[in-house]
Amino acid sequence: MKKQWSFVGAFILLFIGAVLSVLNVDPVPVNFYFATYEWPLIIVILGSILLGALIASLLSTMKIYQETKMRKDAEKTASTADEKGNERVKELENRYETQIDQLKEELRQKNTKIQELNNSNNNTINSVQE
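By UniProt numbering, the letter at position 15 of the sequence shown is numbered 15, and the numbering carries on one by one without gaps.
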């Protein structure tokens, strides 16, 4: 649908250009700083339109290039931040796993010590009762 509207718009502009070319064939003076020329008015109008379109195209191309570069830089920064974040998460996971393993070992040792003390108490109680 967008292409159809573009085609219709281009056709309308072409039609307007054709009408203007037929109506504006009178020569007009075009004064450059160093010289003056006489050209048909339609050439001056079309030249102005083409020059304006060229300038607009160049400006929009530069803007698109800048935005593309900014987007790529932002994506790269986000990717780097994600990688650093993932590395930090893995580092913390490893550290906490190590701490958990150490605490489990301490708990196992303390449970063993408690068992030994309970056995010792039971032996002492048994020997006192005898």
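For every residue, glycine included, the Cβ atom is placed at its ideal position computed from N, Cα and C.
For V30, the enclosing beta strand (DSSP E) has its first and last residue at 27 to 31.
Per DSSP, the beta bridge partners of Y37 are V30. Sequence-distant partners of N24 (beyond 5 residues in either direction) whose C-beta falls short of 8 Å from its own C-beta, in its chain, are P40, L41, I42, I45. Look at M1 here: in three-state DSSP terms it is coil, with no helix or strand label.
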